[in-house]
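The sequence shown begins at 53 in this note's numbering and counts up by one. By construction, the Cβ of each residue, glycine as well, lies at the ideal position given by its N, Cα and C atoms.
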Amino acid sequence: MPMYQNGEVDPAVKALEARQDEIMRKLYELKAAVEGLAKTVTTPDADLDLTVSSSLSSQVCSSSTFKGTTDLDTLLGKDLGALRDIVINANPAQPPLSLLVLHSLLSQRYRVLSTVHVHSSVTSVPPQLLSCLGPRHADSYARHMFQLGFTLIWKDVPKLQMKFSVQNMCPIEGEANVARFLFKLLAPYPADPAAATLVDSWLDTAFFQLVEGSTKERAAVLRALNSALGRTPWLSGPEFSLADIACYCCVLRTGSAASAPANVQRWIKSCENLGHFGPAKLLLQ
């Protein structure tokens with residue numbers, strides 16, 4: 053590097069290096085933006101009519117509840133220079149409460165660029181659904197500042213669908229399956245097969261029997277919850293898990309909380325004391 057006789061670097065060289073660094077930074081940002089745009093326009097959801105809101109979590113902090121470690125490259129594929137885009141199509145008539153809770157937890161763990169859109173198949177969306185991922189972020193954001201892109205599209209779909217930025221991936225369908233996928237970005241599933249099966253069983257019970265079942269089936273689920281919670285503080289044992297997230301949100305959605313038996317009432321209060329369920333409760337107000 054050229055220097056003057058007194059050992060100082062030539063100011064012209066400093067200016068040139070600074071300009072080169074700025075050009076490289078802008079090229080990197082442009083590359084990330086173009087790759088993100090390409091992923092958007094090649095999906096069936098390219099006919100978005102309205103971008104409603106975007107939000108960001110600018111702080112990276114580990115969740116106070118989930119202490120497991122995850123590797124985004126392992127779970128989502130290594131994609132240098134591009135944002136990992138998770139895109140979810142959801143029907144506004146059936147808001148995915150569990151996914152909003154998981155989004156909130158993801159925003160505590162990662163830098164998440166969150167955006168809400170409305171598809172042309174939907175005529176109107178209540179205000180609380182438009183702001184369900186948090187406040188609008190600053191217009192000066194840069195995609196390369198984030199680790200995950202979380203896009204929620206309110207669309208007239210029969211079943212919730214999710215895609216992420218792995219090429220040629222088939223959509224994941226159903227709130228229970230999407231919840232399983234998102235939870236793995238927070239913590240690994242239990243290593244013990246019996247414990248993992250127990251979590252999966254509660255998820256299926258919550259979404260297929262509690263939400264979609266008859267009055268008799270719902271009553272049976274509440275009795276099963278009450279029995280399980282009489283033995284352990286949480287549904288899968290001594291630690292809070294995805295089973296608790298799913299069952300709490302489904303109890304909330306079906307309006308069963310007020311008439312739930314004693315152990316379930318205690319568990320509901322324990323869940324709410326964790327502070328993770330604000331987004332789900334706000335959506336139902």
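Kindly indicate the opening and closing residues of the beta strand (DSSP E) around residue i.
{"i": "W286", "result": "Per DSSP, W286 belongs to no beta strand (DSSP E) and is neither H nor E."}
{"i": "F202", "result": "200–206"}
{"i": "L165", "result": "164–171"}
{"i": "D137", "result": "136–142"}
Considering only residues of the same chain and omitting the five flanking positions on each side of residue i, which have a CB-CB separation below 6 Å?
{"i": "L334", "result": "none"}
{"i": "P63", "result": "none"}
{"i": "V303", "result": "A309"}
{"i": "Q213", "result": "N141, P223, E225"}
CA-CA distance, residue i and residue j?
{"i": "R270", "j": "F198", "result": "41 Å"}
{"i": "W206", "j": "V230", "result": "16 Å"}
{"i": "V65", "j": "H196", "result": "28 Å"}
{"i": "T203", "j": "A142", "result": "11 Å"}
{"i": "S266", "j": "A194", "result": "48 Å"}
{"i": "C17", "j": "N325", "result": "This structure cannot settle anything about residue 17, because the visible part of the chain is limited to 53 through 337."}
{"i": "L132", "j": "L154", "result": "Its pLDDT being 49, under 50, L132 is placed unreliably by the model, and nothing is read from it."}
{"i": "A3", "j": "T167", "result": "An answer regarding residue 3 cannot be provided, because it is not within the stretch 53 to 337 covered by the chain."}
{"i": "I75", "j": "L68", "result": "11 Å"}
{"i": "F179", "j": "D73", "result": "According to the sequence displayed, residue 179 carries Pro and not Phe. Taking the straight line joining both Cα atoms gives about 43 Å."}
{"i": "L152", "j": "P331", "result": "6 Å"}
{"i": "P242", "j": "R71", "result": "50 Å"}
{"i": "D244", "j": "W254", "result": "16 Å"}
{"i": "L250", "j": "R136", "result": "30 Å"}
Need the endpoints of the alpha helix (DSSP H) that residue i sits in, please.
{"i": "H155", "result": "149–161"}
{"i": "Q180", "result": "179–182"}
{"i": "Q317", "result": "314–326"}
{"i": "K333", "result": "330–335"}
{"i": "F260", "result": "First-last for F260: undefined, no H or E at that position."}
Please work out which residues of its chain come closer than 8 Å, Cβ to Cβ, to residue i, disregarding the five sequence neighbours upstream and downstream, and give them in chain order.
{"i": "C113", "result": "Low confidence applies here, because C113 scores a pLDDT of 35, under 50, leaving its location unreliable and the question unanswered by this model."}
{"i": "V273", "result": "T257, A258, Q261, L262, G265"}
Pick from the options: whose alpha carbon is nearest that of residue i?
{"i": "V345", "options": "F216, P144, T306", "result": "The requested residue 345 does not occur in the structure, where the chain is confined to residues 53 to 337."}
{"i": "G327", "options": "A243, A312, F292, P147", "result": "F292"}
Give me, in chain order, the residues of the same chain whose beta-carbon lies closer than 7 Å to that of residue i; leave out the 5 immediate sequence neighbours on both sides.
{"i": "F329", "result": "V153, Y300, C323"}
> If you pair each beta-carbon of the region 166–173 with each one of the region 235–247, do three or more pairs fall below 8 Å?
Replying inline: no
>> I want to know whether the region 244–262 touches the region 296–308 - three or more CB-CB distances under 8 Å.
In response: yes
> Pairing CB atoms from the region 274–284 with CB atoms from the region 303–321, are three or more of them under 8 Å?
Replying inline: yes
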